[in-house]
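> Numbering-wise, UniProt numbering puts 151 at position 151 of the sequence shown, and it's gapless, one number per residue.
By construction, the Cβ of each residue, glycine as well, lies at the ideal position given by its N, Cα and C atoms.
Small disclaimer: the values here were computed from a predicted structure and weren't measured.
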Amino acid sequence: MSFYKANIGYYNKLSETVNELLANAGVMKAPVPIKQIAAMCGANVVGYDFGGEISGVLVVEENKYTIGFNTENSRVRQRFTIAHELGHLKQHVNLNNKNEFFVDRDFIVKFRSDIKYSPKEIAQERQANAFAAAILMPKEFILHEMKDPKYKELHETNIIEELAKVFEVSVPAMTYRLSDLNIYRY
Ligand SMILES: [Zn+2]
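1. State the Cα-Cα distance for the pair residue 109 and residue 53, rounded to the nearest angstrom.
2. Would you say residue 65 and residue 42 are within 8 Å of each other, going by their C-beta atoms?
3. Can you check DSSP and say which residues form a bridge with residue 43?
4. Determine the DSSP secondary structure at residue 143, reduced to helix, strand or coil.
5. Restricting to Cα atoms, I'd like to know which of 104, 97 and 139 is closest to residue 78.
6. Evaluate contact between the segment 59-74 and the segment 11-22, counting only Cβ atoms and requiring at least three cross-stretch pairs below 8 Å.
7. If you drop the 5 nearest sequence neighbours on each side, which residues of the same chain put their C-beta closer than 8 Å to that of residue 94?
8. Per DSSP, residue 70 is paired with what?
9. Can you tell me the Cα-Cα spacing of residue 145 and residue 174, whole angstroms?
10. Tell me where the alpha helix (DSSP H) around residue 19 begins and ends.
11. If you check the beta carbons only, do residue 167 and residue 83 fall under 8 Å apart?
12. Looking at ligand 1, does it come within less than 7 Å of residue 102, judged from the CB to the closest heavy atom?
13. I want to check one thing, is the minimum distance from the CB of residue 132 to the heavy atoms of ligand 1 below 7 Å?
14. Cβ of residue 128 within 7 Å of any heavy atom in ligand 1?
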C-alpha cells in the first residue's frame, strides 16, 4: 500500500493546511511564491553555501525561525528545499521547545551514508516532502493549468515538462506528483 493510501487522514489535513496558507497569501495560480509564504509563516529565508552534502536546514531559536537553502543547488531544487523546511516548520516544530534544528542532507548522500534514521525521522521526512509537493503543486492549480488549450497539442512527456516549467519544480517532482494525484499513472 502506498504511503498516500495508508495516510488518507493525514493528507486531508495537509490539503487543508496548504489551502489555508495559499488563500492567506492570495496565491491562486502557479508558480507558488514559496519564499513569500515562508516569510508569511515567520521564517527568515537565507541562502548559504553549504557545500555539496546539505540541501537545507530549519533552525528554531526562541520562536525565531530560519530556513537555510543551498545556493549551489538549482533554482527548482532550492524551491523544493524551502518548501520541505516549511513542511518541518508547520508539521514538526514543537512550540514548547525553544530550540530545534532540522538538517537535510542530499538525498543520495543520505542513503549512501551510515546515518541511521529512526522511524519517527523517516516519517517526518516523508511528511516534509508531502508538504512540499502539496504546496508547490496544488491539485486545483494543476487541474486549472491543464485546461489551457496548449496542453491538447502536447505529448504526455511534454505535458509533464511544460507543467514542471510553469510550476517551477523539477520534472521528477512533477511526475511523482501527477502519479500521486492519479492524473498520470506510472
Ligand atoms: Zn527534512
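Put simply:
1. Reliability of the predicted coordinates at residue 109 is poor, the pLDDT of 47 falling under 50, and no value is obtained from them.
2. By the CB criterion at 8 Å, residue 65 and residue 42 fall inside the cutoff.
3. Bridge partners of residue 43 according to DSSP: 65.
4. Three-state result, residue 143: helix.
5. For residue 78, the nearest C-alpha among the options comes from 104.
6. No, the segment 59-74 is not in contact with the segment 11-22.
7. Non-local beta-carbon contacts of residue 94 in its own chain, meaning distances under 8 Å to residues more than five positions away in sequence, involve 100 in chain order.
8. Beta-bridge analysis with DSSP links residue 70 to 48.
9. Distance from the CA atom of residue 145 to the CA atom of residue 174, rounded to whole angstroms, is 13 Å.
10. That run of the alpha helix (DSSP H) goes 8-25.
11. One thing to note: residue 167 has its Cβ no nearer than 8 Å to the Cβ of residue 83.
12. Yes, ligand 1 has a heavy atom inside 7 Å of this Cβ.
13. With a threshold of 7 Å, the Cβ atom of residue 132 does not count as near ligand 1, since no heavy atom of the ligand is closer than that.
14. Yes, since a heavy atom of ligand 1 falls inside the 7 Å radius drawn around the Cβ of residue 128.
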